[in-house]
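Encoded as structure tokens, the structure appears first; notes follow it.
Residue numbers (our numbering), protein chains in the order written: chain A, 28 to 287; chain B, 17 to 414.
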């Protein structure tokens, strides 16, 4: 319900950050500051030692978070009392292995107990989800978001959409996280966004990877209901002396023209 | 029960393709085409011609008289160390570079630990005039400088990986990231039977020439195709996969794998994956994996850079789980002693990786009539410094 309502408002800004970074106990303060600054959805990254889909920024934040002592059980302890103070949707994003070691059903139960809305596990294959995980996700009322890339076939996009709930994660490019460029999107990327748009999928679309500033966000909103910023936000808070002020500045800079 | 991969890419519960979507199109195209391409008569012709004229196959199956007497069994050494570039690795790189051309790829990337697979990849790229980037952990570039120099002479660009622990697993991560960012013109030549399906099966097929030759060579020498046991060292496990391949379904052939125990299985300085690993997912494959309780990958340790991988090929995880193969953990010291012993008794200096397989002879009792084949996967040139250091330390202790 929370997710649906968020997308009804439109122009959805989703921000990703790594749990336990820059400091172990920063998870909740960052989440609160993001909500206060006007972020619509938050994705909390669960750090993994071998993040193959991530560029340098998130690799580094993951490494530091692990050194700080972050792990899944700790994260659930931090998020245990986030509701009702946090009223925006919260997703957890990470690699499959730590979730598998925690135990998938135990993980889903604890995530639900914290009020987590959904999961994004980029290395969870569609067919494995369908066979082994889907029923469990439904049992714990957990949304599940799949990713599509410019090279994903139409048939597979439809399958990813049918197995996703909450939203569909549209990768702007075949790339690891954190790539930036002067021009928001190339002609080829725009054609791909339009191709996906024309499929009339059941889920709202959010464009992610390579979104770092206001103009990227605005450009993305022409083709999708929302956009996701990760690495740029992490770089912004890396050396922050005042998280809530810096987060306020970052989010408002992204959102101001869109709202006016 | 079969020990081969099933149509979904699994060996029992292990294997599969746990990859982010950005890698899916390349993996899917490989999966749809690799069997068809490998089966083409032109492919087979080119592959076999290069293996015989360029690599120097078939490699000898050498009856090791002195060690047979010592261990009281009939001991054969499959001389993969005599291949061009000094190890079995080139069997796979020849196969994959031919495959890459069928797939229309122009550029090659690879990961390497000790540098053997990197050299084998740089070699075939030079031969086929293809661009080559080899990812190698910074720590490994420093301890394997000779192989870095070889790769550069062969025209490859060697990228020193500074992420994570700066060793083989991080080099693999970085190669995968490169592939995510360059999906259309690049083929990734993985060096072992690890990674997402179809890599484990594809690499095992290219390495299976080892056991194919053993069968015909044994038939000539002993009048029978099957030995009583095959012994090989396992890091990711490509020489073992090749050496076991044609014997997998024949239960009368005992399969024995030697893992690197490092300083000892329970010392915290080890790479014995089946002893220390748990079911998990790394580099796109479900396998046995050395990891913390929280599912973070543990950096393994072994004196041999080629065996310090925190996972193991999915085929081997299944062979272990189903008890088809026996796994022995061999310490650094045991391996070094076996390497020195082979040098002294047969005049063959093995790679330290390979020396782990030889140490199994001290742990298993064979019968006098047993035919035992050891895969001598690589030569020891790259390890001379480590061997000399070991000898010096030993003499100093006396």
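Ideal Cβ positions, reconstructed from N, Cα and C, are used throughout, including at glycine. As the structure is a prediction and not an experimental result, all values here were calculated from the model.
Measure the alpha-carbon distance for residue i versus residue j and round it to whole angstroms.
i, j, result
"residue 28(A)", "residue 146(B)", "54 Å"
"residue 150(A)", "residue 201(B)", "23 Å"
"residue 28(B)", "residue 251(B)", "20 Å"
"residue 195(B)", "residue 126(B)", "10 Å"
"residue 56(B)", "residue 156(A)", "35 Å"
"residue 94(A)", "residue 288(B)", "25 Å"
"residue 244(A)", "residue 254(A)", "6 Å"
"residue 267(A)", "residue 147(A)", "27 Å"
"residue 23(A)", "residue 75(A)", "For chain A, the structure presents residues 28 to 287; residue 23(A) sits outside this window and is missing."
"residue 124(B)", "residue 225(B)", "23 Å"
"residue 293(B)", "residue 372(B)", "19 Å"
"residue 33(A)", "residue 115(A)", "8 Å"
"residue 205(B)", "residue 46(B)", "12 Å"
"residue 275(B)", "residue 140(B)", "29 Å"
"residue 289(A)", "residue 20(B)", "Residue 289(A) falls outside the range modelled here, since chain A spans only 28 to 287, and no answer is possible."
"residue 45(A)", "residue 402(B)", "41 Å"
"residue 346(B)", "residue 383(B)", "22 Å"
"residue 286(A)", "residue 241(A)", "Low confidence applies here, because residue 286(A) scores a pLDDT of 49, under 50, leaving its location unreliable and the question unanswered by this model."
"residue 142(A)", "residue 221(B)", "48 Å"
"residue 38(B)", "residue 195(A)", "15 Å"
"residue 407(B)", "residue 77(A)", "37 Å"
"residue 90(B)", "residue 132(B)", "30 Å"
"residue 271(B)", "residue 104(B)", "18 Å"
"residue 64(A)", "residue 87(A)", "25 Å"
"residue 404(B)", "residue 360(B)", "14 Å"
"residue 59(A)", "residue 409(B)", "59 Å"
Thinking residue i and residue j are a contact (beta carbons under 8 Å), I'd like their distance in whole angstroms, please.
i, j, result
"residue 368(B)", "residue 319(B)", "6 Å"
"residue 95(B)", "residue 75(B)", "5 Å"
"residue 415(B)", "residue 338(B)", "Only positions 17 to 414 of chain B appear in the structure, and residue 415(B) is not among them; the question remains open."
"residue 150(B)", "residue 137(B)", "6 Å"
"residue 303(B)", "residue 333(B)", "5 Å"
"residue 257(A)", "residue 83(A)", "Not confirmed; about 12 Å, so no contact."
"residue 114(B)", "residue 62(B)", "6 Å"
Under a three-way DSSP split, which group does residue i fall into?
i, result
"residue 299(B)", "coil"
"residue 18(B)", "coil"
"residue 64(B)", "helix"
"residue 101(B)", "helix"
"residue 252(A)", "coil"
"residue 237(B)", "helix"
"residue 286(A)", "With a pLDDT of 49 at residue 286(A), under the threshold of 50, the modelled position of that residue is not reliable, and no figure is offered here."
"residue 347(B)", "strand"
"residue 159(B)", "helix"
"residue 321(B)", "helix"
"residue 36(B)", "coil"
"residue 89(B)", "coil"
"residue 31(B)", "strand"
"residue 328(B)", "coil"
"residue 213(B)", "coil"
"residue 159(A)", "helix"
"residue 171(A)", "strand"
"residue 219(B)", "helix"
Check this for me: beta carbons of residue i and residue j, under 8 Å apart or not?
i, j, result
"residue 128(A)", "residue 397(B)", "no"
"residue 237(B)", "residue 262(B)", "no"
"residue 251(A)", "residue 220(A)", "yes"
"residue 134(B)", "residue 152(B)", "yes"
"residue 177(B)", "residue 162(B)", "no"
"residue 201(A)", "residue 239(A)", "no"
"residue 386(B)", "residue 245(B)", "yes"
"residue 68(A)", "residue 118(A)", "yes"
"residue 274(A)", "residue 71(A)", "no"
"residue 393(B)", "residue 255(B)", "yes"
"residue 174(B)", "residue 164(B)", "yes"
"residue 198(A)", "residue 236(A)", "yes"
"residue 316(B)", "residue 31(B)", "no"
"residue 25(B)", "residue 214(B)", "yes"
"residue 120(A)", "residue 43(A)", "yes"
"residue 226(A)", "residue 184(A)", "yes"
"residue 159(A)", "residue 193(A)", "no"
"residue 230(A)", "residue 191(A)", "yes"
Does the beta-carbon of residue i, which I'm using as the reference point, lie nearer than 7 Å to any heavy atom of the ligand GDP?
i, result
"residue 388(B)", "Although the ligand GDP was asked about, the structure shown includes no ligands whatsoever."
Which full runs of the beta strand (DSSP E) of 3+ residues lie inside the region 372-413 of chain B, going along the chain?
-> 387-391
Report the residue ranges of all alpha helix (DSSP H) runs contained in full by the region 104-128 of chain B; include only those spanning at least 4 residues, in chain order.
-> 105-118
Ranges of the beta strand (DSSP E) found wholly within the region 36-102 of chain A, counting only runs of at least 3 | 39-45 and 68-73
Where in the region 213-265 of chain A do unbroken runs of the beta strand (DSSP E), each at least 3 residues long, occur, reported from the N-terminal end onward?
-> 232-235 and 253-256
Entirely enclosed alpha helix (DSSP H) segments - the region 254-315 of chain B, minimum 4 residues = 254-260 and 289-292
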